[in-house]
Amino acid sequence: GRAGSGNDDLGAIVLENGRFALARRLKPVLEAGRQAGLLEFTDAEAAFRTFFGLVARDVQMRLLLGDRPELTDAAIGGDAVRATQQFLALY
102 GRAGSGNDDL GAIVLENGRF ALARRLKPVL EAGRQAGLLE FTDAEAAFRT FFGLVARDVQ
162 MRLLLGDRPE LTDAAIGGDA VRATQQFLAL Y
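Numbering of the sequence shown is given in the numbering used here, commencing with residue 102 and proceeding in unit increments.
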């Protein structure tokens with residue numbers, strides 16, 4: 102509840118080690134896919150946000166709020182496959 106209140110750095114830590122870290126790694130991959138003719142988009146940030154949303158869904162928020170969804174290797178793998186298929190269908 103205090104993540105953005107200025108009393109601690111939880112929000113910044115989550116962003117830096119989650120979304121921002123993934124963006125630094127994934128945007129070059131997306132750009133390479135575009136240059137190879139495998140993906141079609143005009144804005145790498147928008148494409149990344151779409152992919153991140155498909156992958157993360159609401160899991161990160163649920164975890165931060167104290168929920169403990171079933172995160173088995175099989176469930177995570179299935180979610181990753183679905184997110185990738187959905188992303189490729191869009192781009």
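Glycine included, C-beta positions come from ideal geometry on N, C-alpha and C.
Sort the options by Cα distance to residue i and report the nearest one.
i, options, result
"A124", "R169, G112, L189 and A148", "A148"
"Q161", "A113, T151, D110 and G119", "G119"
"R169", "D159, A175 and G178", "D159"
Just verifying my parser: in three-state terms, what is the DSSP assignment at residue i?
i, result
"P170", "coil"
"D110", "coil"
"G178", "helix"
Is the Cβ-Cβ distance between residue i and residue j less than 8 angstroms?
i, j, result
"G134", "L127", "no"
"F188", "L166", "no"
"L116", "T151", "no"
"A145", "L164", "no"
Considering only heavy atoms of the ligand NAP, does any lie closer than 7 angstroms to the CB of residue i?
i, result
"G138", "No copy of the ligand NAP appears in this structure; indeed no ligand is present at all."
- [ ] Let me know the alpha helix (DSSP H) ranges lying completely inside the region 131-172, each 4 residues or longer, listed in chain order.
- [x] 145-157 and 160-165
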